[in-house]
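Residue numbers (this note's numbering): 255 to 593. Beneath this line is the structure, given in structure tokens, with notes to follow.
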């Protein structure tokens, strides 16, 4: 646990120093050179597919603040909620004007689910949302209580326990979310069977874990950081394709299970409808790039265990990563349906 807290401190230091040399006036001047004569001349709308106060909404508001700082253009957050993100994604892909004034702050898994949950009746595909910037990745994790039966075990040892005692380890599950899919994939890749206990969200699952009513919970780092620092929780594994900087001593599920198929960590990016004029799209890309390099924004991300490193520095790289994630989801859900 001390190593995890040290990881937070290290990440905050890196965030503060990585962009400290960024000269705001110079960045603004460079951005002005890319600005089309007719854009932007009015506020830019950031569309969020989930309610105010949630992780996506908070991220969008933070990014909007720094987008305004460098572009000088006002940003308005609009929450278009419903249907597990389907309402907002459908609006962005099929109804928003492709003029650059509507930008979605989206997450790859929910974009892909937005298509899948329409059961073949979708009027849009994930490629209809064109990336303009990578925003950050989150840390989906499995955690145990430091007072529970698994407190001294590693992720590999927990898998061994699940094999030795099939159908006895109680794992939190939130229906039709990546937390449910993660639990299922651990069972498939690990060749184990658990008791999946349904919850409405991560918060009640965390309360159940702390109360000793379940053995393992899947949560995002920001949800339990205080309990971790208080020594009440231990992190077993991270569901990304690589270790998180803030949790450098915590293995990935892939490491523990000897696979490369598990990646259920949220991957957030900014996207616009297809056919936004090229000059406007380039300006948006540059404005987001400036905002997302700001040391204060990176420090805000780091406080919540969010990884804002520029792993996908161009829109093309973001699009390629979304496509890679999409192929993995097709494989996962085809196996899930076949069961």
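The C-beta atom is built at its ideal place from N, Cα and C for all residues, glycine as well.
Below 8 Å, too few C-beta pairs join the stretch 382-400 and the stretch 326-334 to call them touching: fewer than three.
If you check the CB distance, residue 336 and residue 367 do not come in under 8 Å. Residue 486 sits in coil when the DSSP states are folded into three classes, being neither helix nor strand.
In this structure, DSSP gives residue 549 a helical state, which the three-state scheme calls helix. Each of 420, 448, 452, 463 was checked against the Cα of residue 405, and the nearest Cα belongs to 463. By the neighbour-count criterion, in which 16 or more other beta carbons inside 10 Å mark a residue as buried, residue 559 falls on the buried side. Proximity of the stretch 393-413 to the stretch 545-552 falls short of the contact definition, fewer than three beta-carbon pairs being nearer than 8 Å.
At least 8 Å separates the beta-carbon of residue 519 from that of residue 377. Per the coordinates, the alpha-carbon of residue 364 lies some 32 Å from the alpha-carbon of residue 485. With respect to the 8 Å criterion, residue 522 and residue 413 are not classified as neighbours on the basis of their beta carbons.
By the Cβ-count criterion, residue 578 is exposed, with fewer than 16 other Cβ atoms from all chains shown falling within 10 Å of its own Cβ. Under the three-state reduction of DSSP output, residue 588 falls in the helix class. Per DSSP, the unbroken alpha helix (DSSP H) holding residue 284 starts and ends at 278-288.
Per DSSP, the continuous beta strand (DSSP E) segment holding residue 426 begins and ends at 424-428. Taking the Cα positions, residue 470 is about 10 Å away from residue 487.
Counting of Cβ neighbours within 10 angstroms places residue 297 among the exposed residues, the total staying below 16. Rounded to the nearest angstrom, the Cβ distance from residue 451 to residue 426 is 6 Å, consistent with a contact under 8 Å. A contact is defined here as three or more CB-CB pairs under 8 Å, and the stretch 315-323 fails this definition with respect to the stretch 493-501. Under the DSSP definition of a beta bridge, residue 452 partners with 427.
Residue pairing for residue 358: DSSP places it in a beta bridge opposite 301, 525. By the Cβ rule, the stretch 288-296 counts as touching the stretch 534-543, because three or more pairs are nearer than 8 Å. Nearest to residue 354 by alpha-carbon distance, out of 574, 305, 533, is 533. Contact check for residue 439 against residue 489 fails: the beta carbons are separated by 8 Å or more. When beta bridges are read from the DSSP output, residue 399 appears opposite 487. For residue 393, there is no enclosing alpha helix (DSSP H), as DSSP marks it with neither H nor E.
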